[in-house]
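Here the structure is laid out as structure tokens; the discussion comes afterwards.
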């Protein structure tokens, strides 16, 4: 089981107050925030500013590998068992496009699923506090911080209209 992360957990009743608090926390140097919300919200997403997922690189490299593997496999098979038909060359590249395309899609999709699983396991939310109200009508913001920073973070969150602020150690 993962060890609990110490920090400050704030409950917000309004999206704009939570978004303003997140922006100010980001400006003061708190980058590793966890935001809980019952429904997708574009204002919170813009405030958090999540980076672009690295899964797209997994898909790109696996797709290129699949394309190369598809063409290589088809060229290897046609040169190992040549079928001479109508004077066509043994390695007719246009006929291998379908196999290259299919392996591009297969490798890319498998790498995407694998990348999502691996990267999701790496960023685990275990050990971070949660409250059931975050699945109903409140927005939660958890700020991991040291004990000496907790008072300043609490004051900032309370100043932005937090309904409840708790320290989790």
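Residue numbers (the working numbering): 1 to 169.
Even for Gly, the Cβ is constructed at its ideal location relative to N, Cα and C.
DSSP three-state label for residue i, please.
i           : result
residue 1   : For residue 1, the predicted model reports a pLDDT of 42, less than 50, meaning its position is unreliable; a value from the coordinates is still stated below. If DSSP states are grouped into helix, strand and coil, residue 1 belongs with coil.
residue 91  : coil
residue 108 : helix
residue 144 : strand
residue 103 : helix
residue 132 : helix
Looking only at its own chain, which residues have a Cβ that is under 8 Å from the Cβ of residue i, when we skip the five neighbours before and after it?
i           : result
residue 182 : Not covered by the structure: residue 182. The range shown for the chain is 1 to 169.
residue 24  : 156 and 160
residue 46  : 19
residue 136 : 38
Per DSSP, which residues does residue i bridge with? Please list them.
i           : result
residue 164 : 11
residue 139 : 12
residue 36  : 140
What separation, rounded to the nearest whole angstrom, lies between the Cα atoms of residue i and residue j?
i           : j           : result
residue 73  : residue 16  : 56 Å
residue 11  : residue 28  : 20 Å
residue 61  : residue 112 : 10 Å
residue 44  : residue 68  : 41 Å
residue 70  : residue 9   : 51 Å
residue 121 : residue 127 : 13 Å
residue 37  : residue 49  : 15 Å
residue 81  : residue 55  : 38 Å
residue 1   : residue 150 : The predicted position of residue 1 is uncertain, since its pLDDT is 42 and thus under 50; no value can be drawn from it.
Ordered along the chain, which non-local residues of its own chain (more than five positions away) have a Cβ less than 7 Å from that of residue i?
i          : result
residue 13 : 138 and 163
residue 7  : 142, 143, 144, 145 and 168
residue 63 : 104, 107 and 108
residue 41 : 15
Residue i: buried (16+ other C-beta within 10 angstroms of its C-beta) or exposed?
i          : result
residue 86 : exposed
residue 58 : buried
Are the C-beta atoms of residue i and some chain D residue less than 8 Å apart?
i          : result
residue 41 : Going by chain labels, chain D is absent from the structure shown, which holds only one protein chain.
For residue i, which residues from the same chain have a beta carbon less than 6 Å from its beta carbon, with the 5 sequence-adjacent residues on both sides left out?
i           : result
residue 100 : 67, 70 and 71
residue 189 : For the chain, the structure presents residues 1 to 169; residue 189 sits outside this window and is missing.
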